[in-house]
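Those sequence lines, one after another, are chains A and B. The C-terminal residue of the first sequence carries number 95 in UniProt numbering, and the numbering is unbroken. The C-terminal residue of the second sequence carries number 95 in UniProt numbering, and the numbering is unbroken. Below is one structure, written out as structure tokens, with a few remarks after it.
Number of protein chains: 2
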Amino acid sequence: METEHIDTLSKLLKSMSHPIRLKILCLLRDQELSVGDIRNQVKTTNANVSQHLNILRNQGIIDCRKDANFIYNRVTDPRITELMKTMQELYCPHK
Amino acid sequence: METEHIDTLSKLLKSMSHPIRLKILCLLRDQELSVGDIRNQVKTTNANVSQHLNILRNQGIIDCRKDANFIYNRVTDPRITELMKTMQELYCPHK
DNA sequence: TTTCTATTTTAGTAATTAGTTTAATGTAGT
DNA sequence: ACTACATTAAACTAATTACTAAAATAGAAA
């Protein structure tokens, strides 16, 4: 694997490797959620969720659309969905 | 996904998300290498490689065997190999 | 034993990352 | 206009992580 890919991938993994951000990605895997929705599930402050969402946006993992005064977030990159699926299969004991 | 799995996985991703450690994992995917071998490929100090290897060992990703005064490292967890394979397929343009 | 080589550990510092608080922005409804 | 709500931005402290250099450990060979 080339250095360029190593760097790209390590940045991606880093952005996913915070428990709050990983949880957000899980939540957004099959639904669109507002910042407030996420805050309720993750139990932290709005500002903190916002900061984490921003990191995921800058990484190109999620994007958002605005509706009234809500911002709905969703996973955009299908590779992330695929990667999450693989991780779940490998690390979550299948029922 | 349960909180426990989220924590486990985020720790795993964190340990993989440093470029040097990710490169080490790539190198060890299909071969056993000594600390010095790795240092030559990664271009840093022995101590630095040793520290990164230690992080990967504590995470249970790799283990090592001693032969004379060399320590040979290898990936032990087959899930890591599988995960690396998926990441490579998704993020390295296939020839 | 001494010497050399490979690796690890420790200690120190620099750099990055995380979380809290507060202020600011934007939008809908009254 | 004002008020309420949702979100973001800025500033700061605390905590973690990374790298370097030097000392320590362990084994092989002389």
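Glycine included, each C-beta is placed from N, C-alpha and C at the ideal position. All values reported here derive from a predicted model rather than from experimental measurement.
Length of the line joining the Cα atoms of residue 18(B) and residue 67(A)
37 angstroms
Quick check: what's the CA-CA separation for residue 26(A) versus residue 84(B)?
20 angstroms
Using a Cβ-Cβ cut-off of less than 7 angstroms, give me the residues of the region 46 to 74 of chain B that come near chain A, in sequence order.
none
Where DSSP assigns a beta bridge to residue 73(A), which residues make up the other side?
33(A) and 64(A)
Leaving aside the five residues before and after residue 50(A) along the sequence, list all residues of the same chain whose C-beta is less than 7 angstroms from its C-beta, in chain order.
35
Is the distance from the Cβ of residue 62(A) to the Cβ of residue 73(A) below 8 angstroms?
yes
Would you mind stating whether residue 20(B) and residue 44(B) have Cβ atoms separated by less than 8 angstroms?
yes
Could you check where the alpha helix (DSSP H) with residue 13(B) kicks off and where it finishes?
3 to 16
The alpha helix (DSSP H) that contains residue 44(B), what's its start and end?
No alpha helix (DSSP H) holds residue 44(B); DSSP gives it neither H nor E.
Which whole-angstrom value describes the C-beta separation of residue 22(A) and residue 10(B), a residue pair presumed to lie in contact below a C-beta threshold of 8 angstroms?
5 angstroms
Taking Cβ-Cβ distances below 7 angstroms as the criterion, which residues of the region 30 to 44 of chain B are in contact with chain A?
none
Cβ of residue 90(A) within 8 angstroms of Cβ of residue 79(B)?
yes
Taking 7 angstroms as the cut-off, does the CB of residue 12(B) come closer than this to any heavy atom belonging to the ligand NAD?
In the structure on display, the ligand NAD does not appear, and there are no ligands present to speak of.
So, with DSSP's three-state summary, where would you put residue 94(A)?
coil
Is there a Cβ of chain A sitting closer than 8 angstroms to that of residue 18(B), yes or no?
yes
What are the boundary residues of the alpha helix (DSSP H) that residue 25(B) is part of?
19 to 27
Taking 8 angstroms as the cut-off, decide whether the C-beta atoms of residue 59(A) and residue 13(A) are in contact.
no
Rounded to whole angstroms, what is the Cα-Cα separation between residue 81(B) and residue 29(B)?
7 angstroms
Counting C-beta neighbours from all protein chains within 10 Å, is the total for residue 52(A) 16 or more, i.e. buried, or is it exposed?
buried
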